[in-house]
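Here's the structure, in structure tokens; my notes come after.
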Amino acid sequence: MHISVIGTGYVGLVTGAGLADFGMKVTCVDIDESKIKRLKKGQIPFYEPGLDDLVKKNLKAERLFFTTDFAKTVKNSLVIFICVGTPPLPDGSADLSQIKDVALRLAEVVDEYKVIVTKSTVPVGTNRWIKDLINQHKKTDSAIDVISNPEFLREGNAVEDFMHPDRVIIGGESAYAIAIIKDIYRPLYLAETPFIITNLETAELIKYASNAFLATKISFINEIANFCEKVGADVTVVAQGMGLDPRIGPKFLNPGPGFGGSCFPKDVKALIHQGRLSSSPFKILEAVLEVNERQKRRVIEKLESYLGEIKNKTIAILGLSFKPNTSDVRESPALVVVPHLLEKGAKVRVYDPVAMEEFKKTVGTLSIDYANSPDEALKSADAMVILTEWNEFRFLDLAKIKKLMKNPVLIDMRNIYEPETVKKLGFSYSGVGRI
Ligand code: UDX
Numbered sequence: 007m008h009i010s011v012i013g014t015g016y017v018g019l020v021t022g023a024g025l026a027d028f029g030m031k032v033t034c035v036d037i038d039e040s041k042i043k044r045l046k047k048g049q050i051p052f053y054e055p056g057l058d059d060l061v062k063k064n065l066k067a068e069r070l071f072f073t074t075d076f077a078k079t080v081k082n083s084l085v086i087f088i089c090v091g092t093p094p095l096p097d098g099s100a101d102l103s104q105i106k107d108v109a110l111r112l113a114e115v116v117d118e119y120k121v122i123v124t125k126s127t128v129p130v131g132t133n134r135w136i137k138d139l140i141n142q143h144k145k146t147d148s149a150i151d152v153i154s155n156p157e158f159l160r161e162g163n164a165v166e167d168f169m170h171p172d173r174v175i176i177g178g179e180s181a182y183a184i185a186i187i188k189d190i191y192r193p194l195y196l197a198e199t200p201f202i203i204t205n206l207e208t209a210e211l212i213k214y215a216s217n218a219f220l221a222t223k224i225s226f227i228n229e230i231a232n233f234c235e236k237v238g239a240d241v242t243v244v245a246q247g248m249g250l251d252p253r254i255g256p257k258f259l260n261p262g263p264g265f266g267g268s269c270f271p272k273d274v275k276a277l278i279h280q281g282r283l284s285s286s287p288f289k290i291l292e293a294v295l296e297v298n299e300r301q302k303r304r305v306i307e308k309l310e311s312y313l314g315e316i317k318n319k320t321i322a323i324l325g326l327s328f329k330p331n332t333s334d335v336r337e338s339p340a341l342v343v344v345p346h347l348l349e350k351g352a353k354v355r356v357y358d359p360v361a362m363e364e365f366k367k368t369v370g371t372l373s374i375d376y377a378n379s380p381d382e383a384l385k386s387a388d389a390m391v392i393l394t395e396w397n398e399f400r401f402l403d404l405a406k407i408k409k410l411m412k413n414p415v416l417i418d419m420r421n422i423y424e425p426e427t428v429k430k431l432g433f434s435y436s437g438v439g440r441i
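Mapping to this note's numbering: the sequence shown position 40 is 46, numbers consecutive.
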């Protein structure tokens, strides 16, 4: 069976390489010629552990192909996965222009039965709209089916998540199309991965509801953490105590500088928007976003509590990506913290093992010092702020760093150090929700 994957972004590339690794012939299509040229040589445009090996292995085995030729690839495929972006519009709704564009291009070339599978996160009702759009514009009377097959990949863990998902969600109306998609995922089925077969709307909503619930857990624990600081409790132990109740579970209860990334902020906003349109408001989710924005500013409050005015103080920021093992800075807390510090007149030095280029591209001409190592960032600094829990920040030589810094203040927004140990070394220390 031949498969096309439209869009070679994060989801598309992992899906294409993953399905090829299952043994299928997969062609990934993109409109960006230079990207396709590089992908043909096995060059991945972003940092994702394990993905370059997977792509190279399947290129070599001639199961994975890259092209800009949309029409030819679609004509040769029974199944077409749509993996293009659905970024947020200013009002919070999802921008479906790339989806619409793909649907109209599909309508141009569909000349026999095809199964169109949407992996992109799309608002409830979108798959039905895609089907109508293709049917209205297609040039032949060949039938199509649409399937909603949302993706739950975590950046930094995407290959592992694709190969060993918690569940596979397949939403559709045609038993025949559902059977085809189930067959594609046969290796997972055989490995006893739970499959949920449902209708289009339910499948679409499972994705939003899952991300919104995880974001809610994070905002919830961030508020508990802030309260812990007021009353002298330790949030890490509170979370441990809560997590032992299987109805709550231990995961996604780590407080921090607020959630970021390409999914949580976007999907929560989009679900709020869908709720408003349907007169079914998501009050909890509005609060989740508000708490998250406030949490990003906690860093500044903490710095001011140690340094007083931060004007002309040198602040070293360790970690720019929204989480470790990725160069992605989309919606990263650093994008709020750094400009805010600059506005207050601080001098800002930053260091990140892989995300500095992305950060520079995103913030443009802001006057920031980019350091080549944590030590370089920390030299003569008035405070150090850990924003991302990269492993290399977990084992810093703090005794040496204390001598380097002008003022040994450590704001640990990821709770990667033990307060007592750090304080014993002579640092003023503040984590999140532990004193
Ligand atoms: C998320 C979902 O996990 C994934 O299923 C979905 O498909 C896409 O969105 P991702 O954005 O890659 O994946 O990152 P994730 O590891 O979920 O973290 C999201 C954000 O939450 C990060 O900013 C992270 O630092 C933050 N987070 C996560 C916390 O602050 N505390 C936690 O306990 C967990």
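For every residue, glycine included, the Cβ atom is placed at its ideal position computed from N, Cα and C.
Item, Value
"Contact test: E161 Cβ vs the ligand FMN heavy atom, cutoff 8 Å", "As presented, the structure is devoid of the ligand FMN, carrying the ligand UDX as its sole ligands."
"Backbone CA spacing between L110 and L393 [nearest angstrom]", "43 Å"
"Contact test: N232 Cβ vs the ligand UDX heavy atom, cutoff 8 Å", "no"
"Local Cβ density within 10 Å of S373, reported as buried at 16 or more and exposed below that", "exposed"
"Cross-strand partners of H8 (DSSP beta bridge)", "K31"
"Test item: CB-CB of V121 and V80 under 9 Å", "no"
"CB contact flag (V391, I323, <9 Å)", "yes"
"Extent of the continuous beta strand (DSSP E) to which L416 belongs", "V415 to D418"
"CB contact flag (A321, D388, <9 Å)", "With the sequence shown as reference, residue 321 is identified as Ile, and Ala is not the correct amino acid for it. Yes."
"Within 9 Å, strictly: CB atoms of P271 and P55", "no"
"Where Y191 sits in the DSSP three-state scheme", "coil"
"Any beta strand (DSSP E) of 3 or more consecutive residues that is wholly inside the segment 41-94", "70-73 and 85-88"
"Where M362 falls: helix, strand or coil (DSSP)", "helix"
"Those runs of the beta strand (DSSP E) which lie wholly inside the segment 113-181 and span at least 3 residues", "120-124, 150-154 and 174-178"
"Whole-Å CB distance - L326 paired with S338, under 8 Å assumed", "6 Å"
"Interface flag, T368 vs chain D, CB-CB below 9 Å", "Absent from the structure is chain D; it holds one protein chain and no more."
"Inter-stretch contact at 8 Å, needing at least 3 Cβ pairs: the segment 21-32 / the segment 162-172", "yes"
"Heavy atom of the ligand UDX within 8 Å of C89 beta-carbon", "no"
"Nearest residue (CA-CA) to D36, options K47, Y182 and F72", "F72"
"Closest by C-alpha distance to K302, when choosing among P287, F76, V342 and A67", "V342"
"Residue nearest to A183 in terms of C-alpha spacing, selected from R173, L206 and K46", "L206"
"G255 beta carbon near the ligand UDX (any heavy atom closer than 8 Å)", "no"
"Residues bridged to L324 [DSSP beta-bridge criterion]", "Y357 and I392"
"Close beta carbons around I186, own chain, < 6 Å, minus the five adjacent residues each side", "V121"
"For T146 and T368, the rounded distance between their alpha carbons", "44 Å"
"Heavy atom of the ligand UDX within 8 Å of S216 beta-carbon", "yes"
"Cβ pair count under 8 Å reaching 3, the segment 37-51 against the segment 202-222", "no"
"Contact under 9 Å by Cβ, G98 with A276", "yes"
"Supposed close pair P256, V241 - CB separation, criterion 8 Å", "Not confirmed; about 13 Å, so no contact."
"Closest by C-alpha distance to L19, when choosing among G281, Y195 and D58", "D58"
"Range covered by the beta strand (DSSP E) that runs through F399", "Note, F399: premise wrong, no beta strand (DSSP E); not H, not E."
"Reference A67, options L84, A23, R336 and D101, closest by Cα", "A23"
"Simplified DSSP state of T208, which is helix, strand or coil", "helix"
"Whole-angstrom distance between F258 and D403, CA atom to CA atom", "29 Å"
"Residues bridged to A100 [DSSP beta-bridge criterion]", "P94"
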